[in-house]
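What follows is a set of notes on a single structure, which appears directly below.
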Amino acid sequence: MKMIIGLGNPGIEYARTRHNVGFMVVERLIGRLGVEGVVRSRFHSACVDASIAGEKCLLLRPTTYMNRSGLAAAEAIGFFKVDPSKDVMVVADDLALPTGMIRLRSSGGSGGQKGLDDITRALGTDAYPRLRVGVGMQPSGGKPAVMNQADFVLSRFIPEESPLLEKSVGDACSAIETFVAKGLDSAMNAFNVRNNPSRDVPGSGDGRDPDSPSGGRPSRAERKPSDHASSESKPSSAPE
20 MKMIIGLGNP GIEYARTRHN VGFMVVERLI GRLGVEGVVR SRFHSACVDA SIAGEKCLLL
80 RPTTYMNRSG LAAAEAIGFF KVDPSKDVMV VADDLALPTG MIRLRSSGGS GGQKGLDDIT
140 RALGTDAYPR LRVGVGMQPS GGKPAVMNQA DFVLSRFIPE ESPLLEKSVG DACSAIETFV
200 AKGLDSAMNA FNVRNNPSRD VPGSGDGRDP DSPSGGRPSR AERKPSDHAS SESKPSSAPE
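As numbered in my numbering, residues 20 to 259 make up the sequence shown, in order.
Below you can see the structure in the form of structure tokens.
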């Protein structure tokens, strides 16, 4: 069994904001798999049972607000007794990546993403695969071209970004399908190379992919936490 957890904030006011791109990916995947009509409320999440390449999958969108995502993840993982290092994929927004880009990683830090922070805290480990979907503007000097990050991640994509958003959400769904069917290494090799960091990540001009199974020097975005940590102020203040 595989578990796909798309992160976001519940409520119409957060629908289709940058911070909710994890929800968008899971919603798109549900549509691709044709299982739209079977949503259940369980594990503090909206859950859908599905099958990918003959493998049973549980698709979750936590309803806990971003900064309490660990509650949903830990409850579902504990109930099914799956191995988070092999059987779970968490989908989250990443302000350090420009819109249109995705990255897969097997483990590591959160880059200040509070949903990932809370899942790591709840599981007691950061050894779980995550799919980072870029929501940043075109980077400048290694940082997203945005000043007020708290407002930015809670904003909606502008019309000019629609083709890039469509690309990244579609790529993310395909990456998840590859992860389930062929494993994480295959997904990383296929999609981290397709989203070649030498075009976008400063300091990676040698063409090595820092997020591929074969390794490589970590990108600047991975070595240094982004200011994304400050972007949780509004959802974090929501009633718990």
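Where is the CB? At the ideal position from N, CA and C, for every residue including glycine.
Beta-carbon spacing of residue i, residue j below 8 Å
i	j	result
A141	L77	no
T83	A65	no
L26	S88	yes
K21	D106	yes
M43	R51	no
L123	L203	yes
S210	D190	Checking the sequence, you will find Phe at residue 210 rather than Ser. Contact flag set, yes.
E185	T118	no
Distance, residue j Cα to residue i Cα
i	j	result
R175	P182	14 Å
D68	E74	11 Å
R61	G130	28 Å
R213	N39	23 Å
D113	Q168	12 Å
N208	S193	13 Å
I24	I177	25 Å
S125	V57	30 Å
T144	A115	23 Å
Integer-rounded CB distance, given that residue j should sit under 8 Å from residue i
i	j	result
I121	S205	Actually they do not touch by this definition, with Cβ atoms about 15 Å apart.
I195	L150	7 Å
I138	V109	6 Å
V154	R37	4 Å
V45	R80	5 Å
Residue i - DSSP class collapsed to helix/strand/coil
i	result
E74	strand
G189	helix
R61	strand
A146	coil
V44	helix
L116	strand
G25	strand
V212	helix
D68	strand
Residues that residue i bridges to, as DSSP identifies them
i	result
T36	R175
G56	In the DSSP output, where bridge partners are listed per residue, G56 has none listed.
R140	In DSSP, R140 forms no bridge with anything.
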